[in-house]
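Counting from 72, one number per residue, gives the positions in the sequence shown under the working numbering.
For each residue, glycine too, the CB sits at the ideal point set by N, CA and C.
Below is one structure; the comments refer to it alone.
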Amino acid sequence: MKIIVAGASDGIGRDVDLALSWRHETVRVGRRSGDVRCDDTDADSVRRMFHQIGQFDALVSVVGGDSAFGAFQELEPEQDRHGFERKLLAQVELLKQGQCSIRDNGSFVFTSGLPSHHPGPADIATGPGNSAVDALVESAAALLPRGLRLNVVSPAPGVEPGHGGAGLVTAAEAAQAYVMAVEGKMTGQVLRVCGGLHVALESASQVPVLAHARQDQAGLYEDPVSAALSSRPRSI
Numbered sequence: 072m073k074i075i076v077a078g079a080s081d082g083i084g085r086d087v088d089l090a091l092s093w094r095h096e097t098v099r100v101g102r103r104s105g106d107v108r109c110d111d112t113d114a115d116s117v118r119r120m121f122h123q124i125g126q127f128d129a130l131v132s133v134v135g136g137d138s139a140f141g142a143f144q145e146l147e148p149e150q151d152r153h154g155f156e157r158k159l160l161a162q163v164e165l166l167k168q169g170q171c172s173i174r175d176n177g178s179f180v181f182t183s184g185l186p187s188h189h190p191g192p193a194d195i196a197t198g199p200g201n202s203a204v205d206a207l208v209e210s211a212a213a214l215l216p217r218g219l220r221l222n223v224v225s226p227a228p229g230v231e232p233g234h235g236g237a238g239l240v241t242a243a244e245a246a247q248a249y250v251m252a253v254e255g256k257m258t259g260q261v262l263r264v265c266g267g268l269h270v271a272l273e274s275a276s277q278v279p280v281l282a283h284a285r286q287d288q289a290g291l292y293e294d295p296v297s298a299a300l301s302s303r304p305r306s307i
């Protein structure tokens with residue numbers, strides 16, 4: 072298959088490209104590097120990108136990692152808008168324009184992120200955008216023509232190999248979900264790659280788990296799940 076990987080220059084996108092390129096032809100797309108340059112927030116740039124690439128079989132979008140993070144009251148209006156533009160509207164444009172060039176039974180795979188369902192205190196600018204992407208996929212997948220499929224991967228924050236934990240995944244681990252979405256038959260699905268966080272959240276309501284609470288620098292006790300959410304790296 073000929074697969075477009077938008078956002079393939081670093082992080083999860085780089086590992087997605089690596090995982091797919093073993094069996095498929097990948098076209099790397101980025102703002103400043105890649106086989107094709109594209110500003111995914113500019114409709115004209117997206118149109119030129121699809122014209123340059125021509126027909127393709129799948130598009131994987133790993134974009135929106137530059138959203139602002141900060142306390143709700145501290146974010147400027149343009150920072151709030153930027154999160155939606157880079158995470159939601161950019162992927163909407165890829166879906167709209169990509170249908171003109173994608174072959175029958177092709178696949179779109181988008182990216183949301185952990186803040187859509189486990190928001191942290193600094194995720195207000197990116198969490199709603201991630202949730203909107205999940206909702207877009209769940210509602211739009213059934214409306215696509217020609218057997219086209221649409222799924223979204225919702226990964227936890229990425230860490231280096233050997234540094235995982237509840238709510239953390241390596242880029243290589245997350246990449247496997249994208250491969251499954253591209254090569255499988257599913258559509259309209261949100262694939263959550265949470266590093267076991269959902270299991271930890273279910274266990275956190277049980278008293279024995281709270282026995283493992285730790286004392287933070289302020290002298291306050293918190294359960295391990297809350298600690299993971301508050302101290303995790305910034306999510307995409």
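Of the residues the options, the one placed nearest residue i, counting alpha carbons only
| i | options | result |
| --- | --- | --- |
| S225 | V76, Q247 and Q126 | Q247 |
| P216 | V264, A77, L166 and V261 | L166 |
| F127 | R103, K256, I173 and M257 | I173 |
| G125 | A242, K73 and T241 | K73 |
| D111 | G259, A77, G82 and I83 | A77 |
| A161 | L185, E147, A114 and H122 | A114 |
| C265 | G255, M251 and L239 | L239 |
| S92 | E147, R108 and I75 | I75 |
Proximity below 9 Å, CB of residue i to CB of residue j
| i | j | result |
| --- | --- | --- |
| V87 | A227 | no |
| Y249 | V180 | yes |
| A90 | V133 | no |
| Q168 | R118 | yes |
| V261 | V208 | yes |
| G101 | A242 | no |
Residue burial classification, residue i (beta-carbon count within 10 angstroms, cutoff 16)
| i | result |
| --- | --- |
| L214 | exposed |
| D205 | buried |
| M120 | buried |
| N176 | exposed |
| R94 | exposed |
| C171 | exposed |
| G135 | buried |
| R263 | buried |
| G84 | buried |
| S210 | exposed |
Cβ-based neighbour list, residue i, same chain, cut-off 6 Å, excluding 5 preceding and 5 following
| i | result |
| --- | --- |
| G200 | G154, F155, K158 and L159 |
| S183 | N201, V204, D205, V223 and S225 |
| S178 | A129, R220 and V253 |
| D106 | V98 and R99 |
| A212 | L221, T258 and G259 |
| E96 | K73 |
| S104 | S80 |
Neighbourhood of residue i by C-beta, 7 Å cutoff - its chain only, sequence neighbours within 5 removed
| i | result |
| --- | --- |
| G218 | D175 and N176 |
| R152 | none |
Residues near residue i in its chain [Cβ-Cβ closer than 8 Å; skip 5 each side]
| i | result |
| --- | --- |
| Q123 | V107 |
| C109 | A77, V100, G101, R102, S116, V117, R119 and M120 |
| K256 | R220 |
Closer than 9 Å to chain C by CB, residue i
| i | result |
| --- | --- |
| A203 | Among the chains of the structure shown, chain C does not appear; only one protein chain is present. |
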